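The sequence shown begins at 7 in my numbering and counts up by one. Cβ atoms here follow ideal geometry from the backbone N, Cα and C, with glycine treated the same way. Just so we're clear, the structure is a prediction, and the values are computed from it rather than from any experiment.
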Amino acid sequence: SSAEQDTVLTSVMSDTLNAISEPLVNHMYTADPSAHVFDGTLYIYPSHDYESGIPQDDLGSHFDMQDYHVFSMETVGGEVTDHGLALHVDDVPWADRQMWAPDANRKGDTYYFYFPAKDENGVFYIGAATSDSPTGPFDPQPEPIEGSYSMDPAVYKDTDGEYYMYFGGIWGGQLQRWETGEYVEEDVYPADDEPAIMPRIARMSDDMLSFAEEPREVMLLDQNGDPITAGDNDRRFFEAAWVHKYNDTYYFSYSTGDTHKIVYATGDSPYGPFTYQGVILEPVIGWTNHHSIAEFEGQWYLFYHDTELSGGQTHLRNIKMAEMTHNPDGSIETIDPYPD
Ligand code: FUB
7 SSAEQDTVLT SVMSDTLNAI SEPLVNHMYT ADPSAHVFDG TLYIYPSHDY ESGIPQDDLG
67 SHFDMQDYHV FSMETVGGEV TDHGLALHVD DVPWADRQMW APDANRKGDT YYFYFPAKDE
127 NGVFYIGAAT SDSPTGPFDP QPEPIEGSYS MDPAVYKDTD GEYYMYFGGI WGGQLQRWET
187 GEYVEEDVYP ADDEPAIMPR IARMSDDMLS FAEEPREVML LDQNGDPITA GDNDRRFFEA
247 AWVHKYNDTY YFSYSTGDTH KIVYATGDSP YGPFTYQGVI LEPVIGWTNH HSIAEFEGQW
307 YLFYHDTELS GGQTHLRNIK MAEMTHNPDG SIETIDPYPD
């Protein structure tokens, strides 16, 4: 009967959903998954969480990660391969600690790995490292990218072949210390009714190791065309920038931080402005929410993390993936990370 068929179909679908909302990696803690498909294989570039024993604070000092591993999948639901150590903080001359959310991309035959870390003065910058393999190991540049600051790099390759780095994060990410263009060791935030601190973008040079231009702000607007304000905690940028393109529209997605959502805004140019549209992912278990979006085998996926494996410890996370749907009107269906 059709009722029986419906039951079978529902159970197949929920099996699939449950399967892909399991942690993808169980033998170590992973977070902030940046996913890319190269030559038909899905590669994930996450943070590698571990227990450093550093007490929790509002600056995220307890996220004291030291290295990165790269993971790959040939097919969804298939084996997830850990390719071992890709880069360690001890091998990066300028970096002292806190290897936070990375990203990677490919140009020609070279793979470029981008990562934030604090230098010995406790200032976040963004580094680059190269390899002839998507899984590393990556050879780091001796200095951070000139003109970079703050954290959470995401390097988007546009359909015309240009590459852009989006970056920044407030609070522990230090973006609020760069409002004058120079680093000031003081947290300066706009008033609640003023425009929020916006993420940054810079086009990459041909060498992929430097910026081709001064970083500029990415404007995030509300539906009236006004900048999203600093007090609008449900919609203002916090961290975790990501860009994907769908039907010629640029989708800029990000975390709202203390309201724990992944939201998105759309625009007609990689530089924005982007107009706020809605929520992609509701809060997960744990304080942080950080994602990426990629198309693989003809289906769009959201890559994200929660803290299921550690029983809810915010700095010990595990990466996951879920199907993501663009509706016919271009909107993205909100994902509930814990469907019944
Ligand atoms: O993993 C460390 C930091 O936590 C990331 O850089 C942020 O986006 C947040 O997920």
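| Query | Result |
| --- | --- |
| Residue range of the beta strand (DSSP E) that includes Lys124 | 116-124 |
| Sufficient close CB pairs (3 or more, under 8 Å) joining the segment 138-146 to the segment 201-212 | no |
| Where Asn111 falls, given that 16 or more other Cβ within 10 Å makes a residue buried | buried |
| Candidates Gly231, Met171, Gly178, Leu181: closest to Phe217 by CA position | Met171 |
| Contacts around Val50, its chain only, beta-carbon distance under 6 Å, and the 5 residues preceding and following it disregarded | It is Ile, not Val, that sits at residue 50 in the sequence shown. Taken in chain order, the residues that qualify are Pro39, Ala41, Phe77. |
| For Asp264, the nearest candidate out of Ala328, His332, Ile291 (CA to CA) | Ile291 |
| CA-to-CA distance, Ala134 to Tyr155, given in whole angstroms | 13 Å |
| Ile325 versus Phe69 - alpha carbon distance | 16 Å |
| Cβ-based neighbour list, Lys124, same chain, cut-off 6 Å, excluding 5 preceding and 5 following | Asp102, Arg103, Gln104, Phe130 |
| Simplified DSSP state of Pro150, which is helix, strand or coil | coil |
| For Gly284, three-class secondary structure by DSSP | strand |
| Bridge partner(s) assigned by DSSP for Ala328 | Leu308 |
| 8 Å contact criterion, which Ala300 and Phe243 should meet: CB distance rounded | Not a contact, Cβ separation roughly 21 Å. |
| beta-carbon Thr294 near the ligand FUB non-hydrogen atom, thresh 7 Å | yes |
| CB of Ser259 within 8 Å of CB of Glu245, strictly | no |
| Under 8 Å between C-beta atoms of Pro99 and Pro122 | no |
| Rounded separation between Leu214 and Tyr169 - CA only | The amino acid at residue 214 is misidentified as Leu; the sequence shows Met. Using only the alpha carbons, I get a separation of about 8 Å. |
| Contact under 8 Å by Cβ, Thr340 with Ile286 | yes |
| N-terminal and C-terminal residue of the beta strand (DSSP E) that Tyr170 is part of | 169-173 |
| Distance cut-off 7 Å: Met34 Cβ against heavy atoms of the ligand FUB | no |
| DSSP three-state assignment for Leu181, whether helix, strand or coil | helix |
| Own chain residues within Cβ distance below 7 Å of Asn333, not counting five before or after | Glu339 |
| Test: Asn333 CB closer than 8 Å to a CB of chain D | In the structure shown, chain D cannot be found, because there is only a single protein chain. |
| Test item: CB-CB of Val86 and Phe302 under 8 Å | no |
| Distance, Lys163 Cα to Lys251 Cα | 10 Å |
| Contacts around Thr116, its chain only, beta-carbon distance under 7 Å, and the 5 residues preceding and following it disregarded | Thr136, Asp138 |
| Alpha-carbon spacing of Met327 relative to Asn295, whole angstroms | 13 Å |
| Proximity test, Gly185 beta-carbon vs the ligand FUB heavy atom, cut-off 7 Å | With the sequence shown as reference, residue 185 is identified as Glu, and Gly is not the correct amino acid for it. For the ligand FUB, not one heavy atom lies less than 7 Å from the Cβ of Glu185. |
| Phe173: CB within 7 Å of a non-hydrogen atom of the ligand FUB | no |
| Counted within 10 angstroms of its Cβ, other Cβ atoms place Thr186 as buried (16 or more) or exposed | exposed |
| Backbone CA spacing between Trp293 and Gly66 [nearest angstrom] | 10 Å |
| Same chain, Cβ closer than 8 Å to Glu152, neighbours up to 5 away in sequence not counted | Ser216, Phe217 |
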